[in-house]
Structure formats: structure tokens, C-alpha cells
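Everything below concerns the one structure shown next.
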Amino acid sequence: MGNEIVSYSFLLLLVVRLAPTVTSNGADVLRLPSMDSDGMRIGGENNGRHSSPGGGWAVSMDDPNDPAVQVFALIKDLVVGKTMSIYFPYIKDPTSFQFFPKETTRHIPFSSEAIPELLRFFSFSPDSKQALAMRQTLEVCEKEPKQGEVRGCATNIESLADFARGILGSDSQVQILRSSLLSDPSTPLVQNYTILDFTAISTGDIVPCHSEPYPYPVYYCHFQLGAESRVFKVYLRGENGEMVDSVFLCHMDTSTWRPGHVAFRLLGVKAGESEVCHFMAAHDLAMFPVPK
């Protein structure tokens, strides 16, 4: 179906099509859809946002009624014919989530200490939503990892390759898996989807990366050492007829997760007693080694 599944060595990874060259002529420079007011994902781990089930993706951990948390499920929920309410955002411009060349952004500082300079460069007012998102993304990217955790932000394809190589092995062939894009912009953010089929793809070391709101594409990646994950493809049909070839990622060890995590409240489980899975939007990705 429409899923983007690519296997390649990191030498080939470096030739992925990249977005146009950056300019610095105003507030619309290097914008992502997630930085606009109608699609903004605001927050931070210290104010109700949790950056992915283990750490970087923007959902409110204090509000189980937030539409963006309608992504969690358990493996036992993968039943053909089962219908569930799922959040899938429509992406207006898929190229907005493609990395810029390293040469394009290397002269732009990526640090909280450089926020005054960044505000001037991008022509953001200090109290704008764009400035707030930028601060919070830098906070996520600079946060010290927990014990046994590897985390970091990739600002170009080379740094993404380096991050995955450090975890999966320097000689690994890596598969990148994304959910398919929604084709109809009128599709509701949350609607009922019926499972048509599903396929187990990989078990073991899986590195999820989540697109963060920033003036240019930034991906937050994280990995828990020794914690097994599983990834599935799940084929879905929305009640409006929209077909989605989705990535379903399962974290098999939740013993180190915060007990108040919204997933536990939604699924009726406790930290460490069950896996927690979530559907991944098309602007996020999962990386794992191709079996030798």
C-alpha cells in the first residue's frame, strides 16, 4: 500500500531528496506546518507536554481529552474488523518534513543560549507562538537523558544517520518506516478507523524519531537501552473512506515510565505491567536494522 518502507545503507541514505535552500527574509523562513497557529503543537515536559511516550512528541500528558492522545493501544487491540478512534493529522506540505542540507543550516546556531540571535535571524517576536515552540524544542533537545536512555535531535540527514548508526551498529542496513500521508484535507483529525489487516515488521532495537516544531525540520530521536520494541504495519480504513497504511510502535518495557503517563490512564494499565503501543503520524518515523 502507500507505506514508505526503505532499506538502504547509510551511504545511500545521504542521497534522500532534501528541501530548498534557506533564506532569511522574514518570519516565513523555513516554516513547518506545525509552527502555524492552526497546527501548533505547544508545550514542554515541564508544562504538560511530553515528547513521545519515552520523551519528544507533543501531546498533553495532563489532558486525556486532548485529541492528540488518541493514538495509544495494546497489541491485543490488533484485531481485523476492530474499530477504534485514532488521531491522524493531515500534512499540507510533505516537503516541510524533509531535511535541509547540512551546508544550509550549519551556520545557524542550535542552542538555547543563542535564542536572541535566532529570534533576530527568523524575525520572530519574543512572545510569538513560533518563538515559544522554538524554545521548547531546544529544551527537549538539550535535556539530559535518563539513565539507560539515548536521546538527541537530528537537524540534518547526516546527524540522523550518525544517531542510528551509534545504536544499531555502524555496518547495519537500516529500514525507515513511516505512516502514509492522508490524502483528503477534509479528513477529521480524529475519526473511527477499522483495522483491515496488520503485519509484524520487526522486534528488538527500534529507534523512533518525532518531528518537532522548529523553523526548519528537526527530529527528536530516543532509545532505551535493553528495552525491546515491536513495530507493525496496520492497514486502516476511516469512516470517511480514507485509507491509512500506519506504523504501530510498541514499547514492551514501560517500567521506567512516569506512573501518571496518559497512556496508562487511557489503557487502564500500570507502568511495567504491560506494553504500550501508539500509532505514528506520517511526519514521524521508526528506524530498525534489516535482518542479516
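Residue numbers (mature numbering (1 follows the signal peptide of the UniProt record, and there is no 0)): -26 to -1, 1 to 266.
No residue lacks a Cβ here, since even glycine has one placed at the ideal position from N, Cα and C.
Just so we're clear, the structure is a prediction, and the values are computed from it rather than from any experiment.
Review point. Which residue from 118, 225, 253, 174 puts its Cα closest to that of residue 245?
Key: Minimum Cα distance to residue 245 is reached at 225.
Exercise for review: Going by CA-CA distance only, name the one from 233, 142, 156 that's closest to residue 68.
Suggested key: Out of 233, 142, 156, 156 has the C-alpha closest to the C-alpha of residue 68.
**Study point:** Sequence-distant residues of its chain with Cβ nearer than 7 Å to residue 238 (five each side left out)
**Key:** Here the set comprises 244, 245.
Review point. Which one or two residues does DSSP pair with residue 116 in a beta bridge?
Key: Looking at the DSSP output, residue 116 sits in no beta bridge, so it has no partner there.
Review point. Under 8 Å between the Cβ atoms of residue 147 and residue 264?
Key: Between residue 147 and residue 264, the C-beta spacing is below 8 Å.
Check your understanding: Going by alpha carbons, who is nearest to residue 105 out of 62, 189, 211?
Key -> The shortest Cα separation from residue 105 among 62, 189, 211 belongs to 189.
Exercise for review: Could you pull out every residue in the same chain whose Cβ sits closer than 6 Å to the Cβ of residue 52, ignoring the five residues on either side in sequence?
Suggested key: In chain order, 172 place their CB closer than 6 Å to the CB of residue 52, counting only its own chain and leaving out the 5 sequence neighbours on each side.
Check your understanding: Under a Cβ-count criterion, where at least 16 other Cβ atoms within 10 Å of its own Cβ denotes burial, should residue 169 be classed as buried or exposed?
Key -> For residue 169, the number of other beta carbons within 10 angstroms of its own is at least 16, and it is reported as buried.
**Study point:** Residue range of the unbroken beta strand (DSSP E) whose run includes residue 153
**Key:** No beta strand (DSSP E) holds residue 153; DSSP gives it neither H nor E.
**Study point:** Residue of 205, 182, 214 minimising C-alpha distance to residue 166
**Key:** Nearest option by C-alpha distance: 214.
Check your understanding: What's the call for residue 125, buried or exposed, on a 16-neighbour Cβ count within 10 Å?
Key -> Label assigned to residue 125: buried.
Review point. Does DSSP put residue 226 in a helix, in a strand, or in coil?
Key: In the structure shown, residue 226 sits in coil (DSSP, three-state: anything other than H, G, I, E or B).
Point to revise | Residue environment, residue 90, which counts as buried when at least 16 other CB atoms sit within 10 Å | key: It is exposed - the Cβ of residue 90 has fewer than 16 other Cβ atoms within 10 Å.
**Study point:** Whole runs of the beta strand (DSSP E) within the stretch 138 to 199, excluding any shorter than 3 residues
**Key:** Runs of the beta strand (DSSP E) inside the stretch 138 to 199: 148 to 152, 164 to 178, 181 to 186, 192 to 198.
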